[in-house]
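Contents: one structure, followed by commentary.
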Amino acid sequence: MTQNKTYIQNYCTIENNEIVLNGNSVFKIEPTDFADFAKQAYRSFEMQYPKFFKMDALSKLAFLGSELLLSPITSSEQENNIALVLANKSSSLDTDVKYQESISDKENYFPSPAVFVYTLPNICLGEISIRHQLKSENSFFIFESFNAEFMSNYSNILLNTNKADLVLCGWVEFFNDNYKAFLCTIGTAENTEFKNETINTLYNK
1424 MTQNKTYIQN YCTIENNEIV LNGNSVFKIE PTDFADFAKQ AYRSFEMQYP KFFKMDALSK
1484 LAFLGSELLL SPITSSEQEN NIALVLANKS SSLDTDVKYQ ESISDKENYF PSPAVFVYTL
1544 PNICLGEISI RHQLKSENSF FIFESFNAEF MSNYSNILLN TNKADLVLCG WVEFFNDNYK
1604 AFLCTIGTAE NTEFKNETIN TLYNK
């Protein structure tokens, strides 16, 4: 099998109250908590997806990054064969803690179905897939730290076996209001802007 060379098409980083797209800051506000930051970013980019406000923090983080990368290239009129490959360290622990708190107090017992929905990390993949009408391969991995080699190799396999035309891959970590998202799209179309870049060098910028 001929191995097609793959290239980073676009990338997005979200941390410290700032969103950086392809190396350029596109949204930045004064320090605040993530809930406020996410709400302001959503409104700044005029995203039209009311369900956003019901999502947990991890899904909001992944959604914001994917929206900036996928909205310009996806269409509601045709199937978008884009695979999703995401990872983090804390899984859905931030939401798990909140749900545990809702059931541990016997005097004030209020298990919330709305919170329980998000006690799996891959739910954020579902939110992205629904938004962009994706029925392609998707996986969520748990690593101690960002595993650039694995993510790159996995994406290349999907592209070279025609499982996907494009791969959105990256890291979405959220716990106790500490967060970082690094997402990039990888495809076989040559991109001279990032021709010699790797996802590891972009992640660490």
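Residue numbering for the sequence shown follows this note's numbering, beginning at 1424 and increasing consecutively.
From the three backbone atoms N, C-alpha and C, an ideal C-beta is built for every residue, glycine too.
In whole angstroms, what separates the C-alpha of residue i from that of residue j?
i            : j            : result
residue 1619 : residue 1628 : 15 Å
residue 1462 : residue 1429 : 34 Å
residue 1590 : residue 1616 : 18 Å
residue 1565 : residue 1489 : 19 Å
residue 1562 : residue 1473 : 25 Å
residue 1499 : residue 1553 : 11 Å
residue 1558 : residue 1478 : 20 Å
residue 1514 : residue 1596 : 8 Å
residue 1625 : residue 1501 : 31 Å
residue 1466 : residue 1450 : 11 Å
residue 1495 : residue 1569 : 26 Å
With a Cβ-Cβ cutoff of 7 Å, do residue i and residue j count as a contact?
i            : j            : result
residue 1493 : residue 1464 : no
residue 1503 : residue 1555 : yes
residue 1622 : residue 1575 : yes
residue 1447 : residue 1433 : no
residue 1457 : residue 1602 : yes
residue 1581 : residue 1510 : no
residue 1440 : residue 1460 : yes
residue 1583 : residue 1471 : no
residue 1491 : residue 1435 : yes
residue 1586 : residue 1567 : no
Spell out the partners DSSP gives residue i in its beta bridges.
i            : result
residue 1444 : 1435 and 1447
residue 1602 : 1597
residue 1562 : 1508
residue 1549 : Partner(s): none; residue 1549 has no beta bridge.
residue 1591 : 1507 and 1608
residue 1430 : 1610
By alpha-carbon positions, which one of the options ends up nearest to residue i?
i            : options                   : result
residue 1484 : 1589, 1449, 1426 and 1551 : 1551
residue 1599 : 1626, 1512 and 1435       : 1512
residue 1388 : 1451, 1593 and 1491       : The chain is shown from 1424 up to 1628; residue 1388 falls before or after that span and cannot be answered.
residue 1610 : 1625, 1626, 1579 and 1624 : 1579
residue 1588 : 1450, 1449 and 1497       : 1497
residue 1607 : 1469, 1508 and 1468       : 1508
Go ahead and label residue i buried or exposed: buried means 16 or more other beta carbons lie within 10 angstroms of its beta carbon, across all protein chains shown.
i            : result
residue 1431 : buried
residue 1442 : buried
residue 1605 : buried
residue 1613 : exposed
residue 1476 : exposed
residue 1544 : buried
residue 1452 : exposed
residue 1630 : Outside the modelled stretch of the chain, which goes from 1424 to 1628, sits residue 1630, for which no answer is possible.
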